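In my numbering, the protein residues as written are 6 to 406. Every residue, glycine too, gets a C-beta built ideally from N, C-alpha and C. Since we're looking at a predicted model, the values are computed, not measured. Working notes, beginning with the structure itself.
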Amino acid sequence: MTAAFNSSVCNPRVIKLLNRLADLLGQLDLQTISELGSQIAEWRHQLNAASCAWSAASNFRTTDVHVVICGLCDDVDGNESEGSEGEHEDEDHVSRRPTCILSEATLNKLAAGMDLQLGDLSAEEEKAFLRALAAGEFSHMIKPWEPWWLSPFASKIVLTKDGNRVAQPLEHSDKDESDLFDVPPPVDSPLPPLRDLTTKSPSPLLGIHLVEVLYSYCFTLRFFNGDWTCDTYVAAWTCLSVSRVLGSSACPETLSEALNDCFVTICSPYFKSAGGLKFALALLDDVLALLHVERPGVICALADLHRMLEKAVKDVKEGASDPATGRQKTKACTSSQLKAACKKVFFLSCWANEQPSEVFSTQALIVENEKGQLMETQESKTSEVVTDAGRPLVEEVMEVT
């Protein structure tokens with residue numbers, strides 16, 4: 006079996022896939038091909054759609070333009086008309102073709118390689134873009150972020166006694182080196198001894214406060230797909246909203262109290278797109294991973310959080326505007342609140358830097374125990390809901406009687 010495809014129309018990957026498919030079909034007998042007829046038809050439909058998409062994108066000069074155009078397209082459902090079954094299929098095929106909502110002027114700007122902001126779109130285009138964004142139609146364009154604390158290289162972090170990174174000989178490959186650079190660096194200057202910051206004895210609740218702050222840090226990075234620099238102020242506001250220790254000077258006395266406040270915030274309408282209670286519980290695994298890396302991992306996480314808050318303070322002072330719209334942002338957190346949070350994170354960093362491995366191991370056990378109790382409670386509530394769903398309510402029984 007042979008096949009010839011127009012390379013000027015198809016993506017090279019499509020051509021390769023088509024050729025492999027043709028070779029595969031050439032090795033099958035007629036009976037097998039007949040049995041797989043429906044599957045082959047589906048493959049043909051998908052490959053034709055891929056060829057059409059590549060052909061349309063070939064009119065533009067960059068792949069970024071192709072991504073934007075495909076992302077800003079709506080699937081338009083056509084109306085069925087009377088006719089034969091074949092005509093209905095053809096009309097349905099045409100109705101499913103993506104229709105671009107960008108104007109010709111916007112397409113010309115993109116084709117010319119211009120950098121467009123949200124404010125450059127027309128009111129109709131902006132509305133369609135935000136609608137598609139809210140519907141999650143761009144989610145496939147975002148590469149899922151892999152948290153640095155889950156990387157095997159996190160366990161290889163080595164810090165000096167004062168919290169700085171130890172210079173090590175390069176005995177690893179380029180890939181290993183790049184993975185190590187994914188881990189946020191520790192503090193730039195040596196961390197001072199805790200006795201230089203206060204004459205009082207450290208509170209026995211600092212371990213609980215550390216877990217709560219790490220939890221809010223993990224949530225913030227997950228929520229921003231690992232890049233808090235895309236909107237530093239909003240990232241800082243998010244962190245302070247989840248962490249009452251940083252955001253409202255709260256002093257929870259138990260881990261249950263601290264986590265309950267975090268869960269309430271994450272499950273609130275402000276973060277309805279985060280994933281709810283299931284996501285809130287899963288974040289405990291991130292906290293456990295950081296605690297298992299012990300002092301180096303905790304110091305690097307707190308240093309990253311401290312840099313975020315410092316940058317947010319700078320943005321507030323400079324009156325930073327929204328990078329997408331250019332409009333001035335409404336500040337929910339003041340500069341003084343952010344500065345106070347910075348001081349708390351720095352104090353926690355100095356305290357954590359002096360703690361032995363046993364402290365982090367103990368906190369990890371407490372978190373694991375708390376997670377187990379929360380999971381049991383959640384499963385119990387779920388089973389109660391299922392049981393009650395099939396049982397008539399008291400009011401219903403009385404009414405029938």
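- For LEU164, DSSP records a beta bridge to ARG170.
- Relative to the Cα of ILE147, the nearest Cα in the group LEU138, TRP153, TRP154 belongs to LEU138.
- Residue burial annotation: VAL171 is exposed, with fewer than 16 other C-beta atoms found within 10 angstroms of its C-beta.
- Residue range 128 to 139 is occupied by the alpha helix (DSSP H) that includes LEU135.
- Per DSSP, ASN230 lies in no alpha helix (DSSP H) segment and is marked neither H nor E.
- Judged by pairs of C-beta atoms under 8 Å, the stretch 315 to 326 does not touch the stretch 368 to 384, as fewer than three such pairs exist.
- About 7 Å separates the Cβ atoms of VAL192 and SER354, confirming a contact at the 8 Å cut-off.
- Looking at the backbone, the Cα of MET380 and that of ALA294 are separated by about 18 Å.
- Annotated as proximal: SER221 and CYS244, with beta-carbon spacing under 7 Å.
- Going by DSSP, HIS297 is part of the alpha helix (DSSP H) stretching over 281 to 298.
- Contact fails between the stretch 198 to 211 and the stretch 305 to 312, because fewer than three Cβ pairs, one in each stretch, are under 8 Å apart.
- In the three-state reduction of the DSSP assignment, SER362 falls in the helix class.
- Exclusion of the five residues before and after ALA240 leaves THR225, PHE229, TRP233, MET313 as the residues of its chain whose Cβ lies within less than 7 Å of its Cβ.
- Of the candidates VAL247, LYS205, ALA263, LEU202, the residue whose Cα lies closest to the Cα of ILE213 is ALA263.
- In the structure shown, the three-state DSSP call for PRO301 is helix.
- If you ignore the 5 residues before and after PHE268, its C-beta comes within less than 7 Å of the C-beta of LEU282, ALA285, all in its own chain and listed in chain order.
- Between VAL218 and LEU251 a beta carbon distance of about 6 Å is seen, short of the 8 Å cut, so the two are scored as contacting.
- Nearest to CYS272 by alpha-carbon distance, out of LEU288, GLU258, LEU260, is LEU288.
- Looking at the backbone, the Cα of THR382 and that of SER246 are separated by about 25 Å.
- Following the DSSP letters along the chain, one finds LEU107 in no alpha helix (DSSP H), marked with neither H nor E.
- In this chain, ARG200 is not harboured by any alpha helix (DSSP H), its DSSP state being neither H nor E.
- For ARG300, the closest of LEU210, GLY168, LYS316 by C-alpha to C-alpha distance is GLY168.
- Note on TRP150: under 16 other CB atoms within 10 angstroms of its CB, so exposed under the neighbour-count rule.
- Contact between ALA345 and TYR238 does not hold, since their C-beta atoms are separated by about 16 Å, which reaches or exceeds 8 Å.
- Rounded to the nearest angstrom, the Cβ distance from ALA308 to PRO152 is 16 Å, too far for a contact under 8 Å.
- Counting only residues of its own chain and dropping the five nearest sequence neighbours on each side, LEU343 has a CB closer than 7 Å to the CB of ALA241, LEU314, ALA317, VAL318, VAL321.
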